[in-house]
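Heads up, the sequence shown is in the numbering used here, so the first residue is 16 and it goes up one at a time.
Heads up, the beta-carbon is just placed ideally off N, CA and C, and yes, glycines get one too.
Here the structure is a predicted model, which means the values were calculated and not measured.
Below you'll find the structure, written out as structure tokens, and then a few comments.
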Amino acid sequence: MKKYRAGIIGLGQVANTFDFEKERAGSIWTHAGAYQFLADQVSLVAGADLDEQKRTLFCQKRDINSAFCFSDYCQMLAQVPLDLLSVCVPTPYHYEVVKEALKYPLKGIIVEKPIALNTEQAQEIVSLTEQHKVKLLVMYNRRYWYEYQQVRQLILAGKVGKIISVVGFYTSQIFNIGSHLFNTMSFLINEKPQWVSAHQTIADEHDPTLAGTIGYSNNIMGYFIPNNQRRDAFFDIKIIGTDGVIDIRSNARFVEWHEMIPSDRYAGYRELAPLESVFTTRETNSHFVKAVQDLITTVDTNTSPISSGQEAFSDVLLIEKALLSAANNSQKFFL
Ligand SMILES: NC(=O)c1ccc[n+]([C@@H]2O[C@H](COP(=O)([O-])OP(=O)(O)OC[C@H]3O[C@@H](n4cnc5c(N)ncnc54)[C@H](O)[C@@H]3O)[C@@H](O)[C@H]2O)c1
16 MKKYRAGIIG
26 LGQVANTFDF
36 EKERAGSIWT
46 HAGAYQFLAD
56 QVSLVAGADL
66 DEQKRTLFCQ
76 KRDINSAFCF
86 SDYCQMLAQV
96 PLDLLSVCVP
106 TPYHYEVVKE
116 ALKYPLKGII
126 VEKPIALNTE
136 QAQEIVSLTE
146 QHKVKLLVMY
156 NRRYWYEYQQ
166 VRQLILAGKV
176 GKIISVVGFY
186 TSQIFNIGSH
196 LFNTMSFLIN
206 EKPQWVSAHQ
216 TIADEHDPTL
226 AGTIGYSNNI
236 MGYFIPNNQR
246 RDAFFDIKII
256 GTDGVIDIRS
266 NARFVEWHEM
276 IPSDRYAGYR
286 ELAPLESVFT
296 TRETNSHFVK
306 AVQDLITTVD
316 TNTSPISSGQ
326 EAFSDVLLIE
336 KALLSAANNS
346 QKFFL
């Protein structure tokens, strides 16, 4: 099997250091960890970060020769031939890093979410990677979680009937966390947003917090509701269908599926059946590993990844219109 050569630009939390938090032990939460897990298919050979400590930690923990660790990512790209690249710098820099990287003959790029902070840059990243025939995966890692994938399958199989609405709860920050919510909601119900109406709940010039309503294709209504507490890991989604309800709670720690059945309490009515816990087993394999595997498969087979650039672009477009709506008395804006 061909071995690809991978590098990472930005060596912070999601690139490297999440794996060393004791609470995350037992699974892989980083790009570096995922590349190393897939060592039979890919070699992690280089990294770049402005911060010397981050570089040192990366070299030590990942056993990378310090000659292949760069402070200037342009030098890394010029000096080290790579097939796969992870872009893990803060979001405002995704665009410039991807543009520079596309000067070299890469096969695949993983860009962290959100893909960019405006639709112009997001669209250009998608178009340029297409022009250069470089596969683009945007790391919305929930698309690779067993639980979210199972819920999507249930919905696609019609197990909750026709979807009426999807209600998503998040902490705060529409770009940082709201983008995860929008991406996951579209993934689960397999529909596209068509319009949005929003209002601001926390003002912040870099990443405000919004609540609002989304109109999806097929007349499905979506609602996004923050708790305004960034310190919380609060991420819940409720899907309401004509024949049942699915509750994904506490970031998929609990997933409940209730069917709508004839009531034994109220004549002529239906009500939710007692809890049917859908998932009794959990996969230990990391979603980061599955994402990197998806990129490799996408490169090998010339297909599209589960978490594509086009859908990541749609999330930025939705956020942009939501911000416009919030600035205009919650007026409805079409995408
Ligand atoms: N998919 C997820 O679940 C997830 C989780 C966390 C973060 N993220 C995303 O990943 C990205 C990075 O977030 P993070 O939390 O790892 O940030 P971080 O601050 O921990 O790491 C970013 C690193 O990039 C480096 N950097 C900044 N500018 C650089 C440059 N020009 N050249 C080289 N290095 C540079 C910084 O020194 C820092 O070490 C963001 O886009 C964020 O939204 C995604």
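For residue i, which of the options has the nearest alpha-carbon?
i: V153; options: N133, M91, K174, V126; result: V126
i: V314; options: Q94, F35, L99; result: L99
i: P107; options: K122, Y119, P129, G123; result: P129
i: F410; options: T316, D78, L333, N343; result: The requested residue 410 is not part of the displayed model; the chain covers only 16 to 350.
i: K118; options: G176, A137, T144, V304; result: T144
i: N80; options: L339, Y163, M275, R70; result: R70
i: V166; options: F184, M200, Q188; result: M200
i: F239; options: S187, I43, I276; result: S187
i: W44; options: V29, T318, E38; result: V29
i: Y19; options: L310, I321, L339; result: L310
i: V95; options: L287, V260, D330, I23; result: I23
i: L290; options: G48, A282, Y281, E274; result: E274
i: A341; options: V112, V270, D330, P223; result: P223
i: Q138; options: Q308, S345, F328; result: F328
On the three-state DSSP scale, how would you describe residue i?
i: P96; result: coil
i: F52; result: helix
i: P277; result: strand
i: L225; result: strand
i: V314; result: helix
i: C103; result: coil
i: R245; result: coil
i: G256; result: strand
Apply the 10 Å Cβ neighbour rule to residue i and answer buried if 16 or more other Cβ atoms are within range, or exposed otherwise.
i: N31; result: buried
i: G324; result: buried
i: Y159; result: buried
i: S142; result: exposed
i: K305; result: buried
i: I276; result: exposed
i: Y284; result: exposed
i: H221; result: exposed
Give me the DSSP bridge partner(s) of residue i.
i: A288; result: Per DSSP, none; premise fails for A288.
i: Y110; result: Answer is none; Y110 lacks a bridge partner.
i: R20; result: S58
i: M236; result: S180, G230
i: W210; result: G230, F349
i: A63; result: I24, F85
i: D251; result: F184
i: L44; result: According to the sequence as given, residue 44 is Trp; it is not Leu. Bridge partners of W44: none, in fact.
i: R264; result: F269
i: Q215; result: L225
task: Only counting runs of 3 or more residues, tell me where the beta strand (DSSP E) segments fall wholly within the segment 121 to 171, in order along the chain.
output: Counting only runs of 3 or more, we get 123 to 127, 150 to 154.
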